[in-house]
Amino acid sequence: ANFWGTCFTVYDSGADVEALVRNSPTLKDLPMRRRIEAMKVVYELNIMGGSPRRITVDFDRGGVHHTMKNMQPRWDKKLNSYALPFFGRAKKASAKNFQLVVNDDPNNIYLILGKISKDEFCLDFRSPLSTLDAFAIATAALAKKRAVS
């Protein structure tokens, strides 16, 4: 993650060759597989907190590039807050609740993170996201952020 907590990068199991060689030049002749960026989770700056978080997730899977964004919640006059349909999966309102979609299509939800209780969240996801992808996205969502309310 960056200092502000707005950008999280997930890498594969390869090595950060430049950093290893910089710290130990004797390693430069060893065969090492370079690490590859597997996913990027980016939060739009939202210091004032006046609107819901905006999240973008970029990753490649099977030679295809995917971009997912969180579905923007609608203002609910009855609740006097922003709301999304969580189909009974989220029990508590939270700024960390979100759904990932492609092209703002509410009929194709790829990931749901919803708060159940004080320290409990449910995480639902489907292909093309893997278990590791979903876990990385959820971890980024729950991490402390300095510049996102």
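Residue numbers (this note's numbering): -14 to 134.
We put the beta carbon where it would ideally sit given N, CA and C, even for glycine.
Excluding sequence positions up to five before and after Lys25, its CB lies within less than 6 Å of the CB of Thr(-6), Asp43, all in the same chain and listed in chain order. Using a Cβ-Cβ distance cut-off of 8 Å, the stretch 4 to 22 and the stretch 57 to 66 are not in contact, since fewer than three pairs of beta carbons, one from each stretch, lie closer than that value. Taking 9 Å as the cut-off, the Cβ atoms of Tyr28 and Ala121 do not count as close.
Bounds of any beta strand (DSSP E) do not take in Leu127; it lies within the alpha helix (DSSP H) bounded by 116 to 127. With fewer than 16 other Cβ atoms inside 10 Å of its own Cβ, Tyr(-4) counts as exposed. Comparing alpha carbon positions, the residue from Phe110, Asp104, Lys62 closest to Phe71 is Phe110. The shortest CA-to-CA distance from Asn(-13) to any of Pro91, Thr116, Lys54, Leu30 is the one to Leu30.
Glu29 carries a coil assignment under DSSP once its states are collapsed to helix, strand and coil. Nearest Cα to Asn92 within the set Leu69, Gly48, Ile101: Leu69. Boundaries of the alpha helix (DSSP H) around Leu5: 2 to 8.
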